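Residue 236 in the working numbering sits at position 228 of the sequence shown, and the numbers go up by one each step. Ideal Cβ placement from N, Cα and C applies to all residues, glycine included. Here the structure is a predicted model, which is why all the values come from computation and not from measurement. These notes concern the structure reproduced below.
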Amino acid sequence: MKIEFLDTKRKCLILGLICFIAFLILGISRLSGLLFVACMARYDTGRKQASLPFILGYTIRNVSGPFVGYLGKRFGLITVTVVGCILSTVGVGACFFAENIVAVIFLWGIVYGLGCGMGTSLLPLVLSQYFEKHVDKANGIYSGGACIGAFVLPIIADKLIEEYGTSGMFLVFSAIILNSVPAALLLRKPKNSTEKCNTNPGGVLTETTYENNLKILEFPKEGCVYEEKSDINLKQNIEFSSQEKGIPSEILELPNDSVFYIDIPQRNCKISSTNEEEHKYPKPFNATGKQNDKEPETMFSGIKTITEDRITNLPTVLQDVAQSELNIEKSHNSLCKSSSSTPNKGRTSNSFQVFLDVAYTLILLTQAFMLIVITTLWTVIVDASMDKGATKQEGVYILICMGIADTIGRFCLGYITDGGRMSKINFQILCAAGLGVFHILFVFLEGFVMVMISVGFAGLFTAGHIMIGVGIINQCIEKEYVTMAVASRYFAFALMSFTQAPMIGFFRENLKSYDGLFILLTVICWICTVLTWFTPIAAKRRNRKKTATIENEQN
Numbered sequence: 009m010k011i012e013f014l015d016t017k018r019k020c021l022i023l024g025l026i027c028f029i030a031f032l033i034l035g036i037s038r039l040s041g042l043l044f045v046a047c048m049a050r051y052d053t054g055r056k057q058a059s060l061p062f063i064l065g066y067t068i069r070n071v072s073g074p075f076v077g078y079l080g081k082r083f084g085l086i087t088v089t090v091v092g093c094i095l096s097t098v099g100v101g102a103c104f105f106a107e108n109i110v111a112v113i114f115l116w117g118i119v120y121g122l123g124c125g126m127g128t129s130l131l132p133l134v135l136s137q138y139f140e141k142h143v144d145k146a147n148g149i150y151s152g153g154a155c156i157g158a159f160v161l162p163i164i165a166d167k168l169i170e171e172y173g174t175s176g177m178f179l180v181f182s183a184i185i186l187n188s189v190p191a192a193l194l195l196r197k198p199k200n201s202t203e204k205c206n207t208n209p210g211g212v213l214t215e216t217t218y219e220n221n222l223k224i225l226e227f228p229k230e231g232c233v234y235e236e237k238s239d240i241n242l243k244q245n246i247e248f249s250s251q252e253k254g255i256p257s258e259i260l261e262l263p264n265d266s267v268f269y270i271d272i273p274q275r276n277c278k279i280s281s282t283n284e285e286e287h288k289y290p291k292p293f294n295a296t297g298k299q300n301d302k303e304p305e306t307m308f309s310g311i312k313t314i315t316e317d318r319i320t321n322l323p324t325v326l327q328d329v330a331q332s333e334l335n336i337e338k339s340h341n342s343l344c345k346s347s348s349s350t351p352n353k354g355r356t357s358n359s360f361q362v363f364l365d366v367a368y369t370l371i372l373l374t375q376a377f378m379l380i381v382i383t384t385l386w387t388v389i390v391d392a393s394m395d396k397g398a399t400k401q402e403g404v405y406i407l408i409c410m411g412i413a414d415t416i417g418r419f420c421l422g423y424i425t426d427g428g429r430m431s432k433i434n435f436q437i438l439c440a441a442g443l444g445v446f447h448i449l450f451v452f453l454e455g456f457v458m459v460m461i462s463v464g465f466a467g468l469f470t471a472g473h474i475m476i477g478v479g480i481i482n483q484c485i486e487k488e489y490v491t492m493a494v495a496s497r498y499f500a501f502a503l504m505s506f507t508q509a510p511m512i513g514f515f516r517e518n519l520k521s522y523d524g525l526f527i528l529l530t531v532i533c534w535i536c537t538v539l540t541w542f543t544p545i546a547a548k549r550r551n552r553k554k555t556a557t558i559e560n561e562q563n
């Protein structure tokens, strides 16, 4: 059975490699619970000190987002990813030589944390180059690799600790992570990475850029069709059409800023010319559809080359075309897509302006609030389930059920949005609202079976939110800022995450119940639905303001 969005071997390879990198680097980060206990025994330290490497590592990974985004714009996505994989390997492997918890805090918390951020934050952008129409499915599978790692790697880590000790486990895992480096090196940019523009919103002008930098501006055809075959600066033949009333098809040759145009006033004719050594002029068609052998009634009015610095001497038609081209490039620059895997040294400093975008601020807040809800739920779900009548052993099964539902959701839910069954914004609103409903229902649930069913749905909503985040950024943020926006999407969560421990402690220790905590999480979820609803509104307002500014500058 052929999967639609994996229609080429190259796409299968890229998706597999990125999923493998996530499996290794992000999967290792999910060993924190097991390594927390192992570090207490190995370095003879307390819980507070033993937890610092893993808390710091997760914080550094998210806080480094703007820095990683800047590096991605400056040096390219693949280069930064490879360096991140190397740093992750070094950070974990060097823990083999650590003799105290302070060294582990630095090596795991800072070196591995930064490497994890550099090695994984830009992978969604690499995916978007290959899966433009199926980006949600691809991102879901990519994030699903980390879920698989969360199931497989703890088993391996437990066996390694038993066989080689904690230090030996660090060394073996560094060798395992090292496999991510060649995987990252195999991620090269797509062949079709040249910049291209689509039809402008008015549907009047179509612009196509070919690999040899020949640009064709084409008007919609209606009555008259002309065919031109030229060997000037071309290695291939290009067919184009023009509408009636003598409106020409213009060919703009970019390298020397020259304009070649053909003005043909007659309609109901067919023109064929070879612009190499001679011009073959057209012969009009008679009523029977055959060409007349008489003198052609329609002739080229001129074939000219006019440089850009003489635009004031252009014919009216060419002035209109030149002005239209200028307007399109300014007003609809966001429609042009260019490869983000190559370095962009000219505008790296401007990429930080995305933090001034109201739409992106709403996205940052939504991501931060939702991750607080999700990570808090993962932290307390077993303890809260025991309050609902589940045993400690059944709590483990509840955690496994939620993890399986999360994994299935990441692999499957992308078909909803990529298939056009629901918009990305509505899908995220559904996920946030669904998690809110789960938390309020959990307050009234009793029994192991009901808790199992409810956490299964919670796992699906969690997967949907994590999967759709990159797609919303691609939809609402300007293309020139997407690299920084994707890399920094969890930046606000890193700053807010320090509120989780006091929040959990207040409700559990002071109020002796998680019910108040779950009600608070419900309120946060519904706040996220409002923030998500306003995000596209803010993006549209930003675009209108930019368009108005451009029009004022032109006037």
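Leaving out the 5 sequence neighbours to the left and right, which residues in its chain are closer than 7 Å to residue 546 when beta-carbon positions are compared? On the sequence shown, residue 546 is found 538 positions in, with the first residue counted as 1. Closer than 7 Å at the Cβ level, and outside the excluded window around residue 546, lie 366, 367, 370.
Whether or not the region 504-520 and the region 450-463 are in contact is what I'm after, with contact meaning three or more pairs of Cβ atoms, one per stretch, closer than 8 Å; do they touch? no
At least 3 beta-carbon pairs within less than 8 Å: the region 490-500 vs the region 71-78 = yes
message = Taking its Cβ as the centre, do 16 or more other Cβ atoms sit within 10 Å of residue 84, making it buried, or is it exposed?
response = Stepping through the sequence shown from its first residue, residue 84 is reached at position 76. Buried, by the Cβ-count rule.
Out of 130, 64, 36, 113, which one is the CA nearest neighbour of residue 489? For the purposes of this step, residue 489 is taken as the residue at position 481 of the sequence shown. Closest option to residue 489, Cα to Cα, is 130.
Does DSSP put residue 431 in a helix, a strand or coil? The count along the sequence shown starts at 1 and reaches residue 431 at position 423. DSSP places residue 431 in coil when its eight states are reduced to three.
Practice problem: Could you pull the start and end residues of the alpha helix (DSSP H) that residue 476 belongs to? | Solution: As a working mapping, residue 476 is identified with position 468 in the sequence shown. Segment 456-484, the alpha helix (DSSP H) holding residue 476.
Buried or exposed for residue 143, please, with buried defined as at least 16 other CB atoms from any protein chain shown within 10 angstroms of its CB. Along the sequence shown, one-based indexing puts residue 143 at 135. With 16 or more other Cβ atoms within 10 Å, it is buried.
Check: Does the beta-carbon of residue 50 have 16 or more other beta-carbons within 10 angstroms, so that it is buried, or is it exposed?
Finding: For the purposes of this step, residue 50 is identified with residue 42 of the sequence shown, where counting begins at 1. Its Cβ being crowded by 16 or more others within 10 Å, residue 50 is buried.
Residue 165: buried (16+ other C-beta within 10 angstroms of its C-beta) or exposed? Looking up residue 165 in the sequence shown gives position 157. Buried is the call here.
Distance between residue 361 and residue 501 (C-alpha atoms, nearest Å): As a first step, residue 501 is located in the sequence shown; it is residue number 493 there, counting from the start. As a first step, residue 361 is located in the sequence shown; it is residue number 353 there, counting from the start. Rounded to the nearest angstrom, the two C-alpha atoms are 19 Å apart.
>> If you measure between the beta carbons of residue 378 and residue 447, is that distance less than 8 Å?
In response: In the sequence shown, residue 378 corresponds to position 370, counting from 1. In the sequence shown, residue 447 corresponds to position 439, counting from 1. Not closer than 8 Å, so no.
Taking all protein chains shown into account, decide if residue 526 is buried (16 or more other Cβ within 10 angstroms of its Cβ) or exposed.
Along the sequence shown, read from residue 1 onward, the residue named residue 526 stands at position 518. Residue 526 should be labelled buried.
*residue 391 - DSSP class collapsed to helix/strand/coil*: Position 383 of the sequence shown holds residue 391. Helix, per DSSP.
Excluding the five sequence neighbours on either side, which residues of its own chain have a C-beta within less than 7 Å of the C-beta of residue 339, listed in chain order?
Translated into positions along the sequence shown, residue 339 becomes position 331. The predicted model places residue 339 with a pLDDT of 45, which falls under 50 and marks its position as unreliable; any figure quoted below should be read in that light. Excluding positions up to five away in sequence, the list reads 555, 558.
### Message
Taking only three categories from DSSP, how would you classify residue 358?
### Response
Position 350 of the sequence shown, counting from 1, holds the residue named residue 358. Here residue 358 sits in helix by DSSP.
Just verifying my parser: in three-state terms, what is the DSSP assignment at residue 54? For the purposes of this step, residue 54 is identified with residue 46 of the sequence shown, where counting begins at 1. In this structure, residue 54 counts as coil in the three-state DSSP scheme.
Handout entry: Range covered by the alpha helix (DSSP H) that runs through residue 17
Key = Counting from 1 along the sequence shown, the entry for residue 17 is found at position 9. It spans 17-37 - the alpha helix (DSSP H) in which residue 17 sits, taken as one unbroken run.
Who are the Cβ neighbours of residue 542 in its own chain at under 7 Å, not counting the five residues just before and after it? In the sequence shown, the residue the question calls residue 542 occupies position 534. Result list for residue 542: 370, in chain order.
Handout entry: Inter-stretch contact at 8 Å, needing at least 3 Cβ pairs: the region 98-117 / the region 50-69
Key = yes
By Cβ distance below 7 Å, which residues in the same chain neighbour residue 551 in space, the five residues on each side in sequence not counted?
Translated into positions along the sequence shown, residue 551 becomes position 543. The answer is none, since no qualifying residue turns up.
- Query: Exposed or buried, which one is residue 364 when buried takes at least 16 other CB atoms within 10 Å?
  - Reply: Within the sequence shown, residue 364 is the residue found at index 356, counting from 1. Under this definition residue 364 is an exposed residue.
**Message:** Let me make sure I understand the geometry here. Which of 123, 400, 86 has the alpha-carbon closest to that of residue 101?
**Reply:** By 1-based counting over the sequence shown, the position of residue 101 is 93. Residue 123 is the option with its Cα nearest to residue 101.
Enumerate in chain order the residues of its own chain whose CB-to-CB distance from residue 436 is below 7 Å, with the five nearest sequence positions on each side excluded. Locating residue 436 in the sequence shown gives position 428, counting from the first residue. These residues qualify, in order along the chain: 473, 476, 480, 540.
So the alpha helix (DSSP H) residue 416 belongs to, where does it begin and stop?
-> Position 408 of the sequence shown, counted from the start, is the residue given in the question as residue 416. 400-420 is the span of the alpha helix (DSSP H), which, as asked, contains residue 416.
Could you tell me whether the region 82-99 touches the region 381-388, where touching means 3 or more Cβ pairs closer than 8 Å?
no
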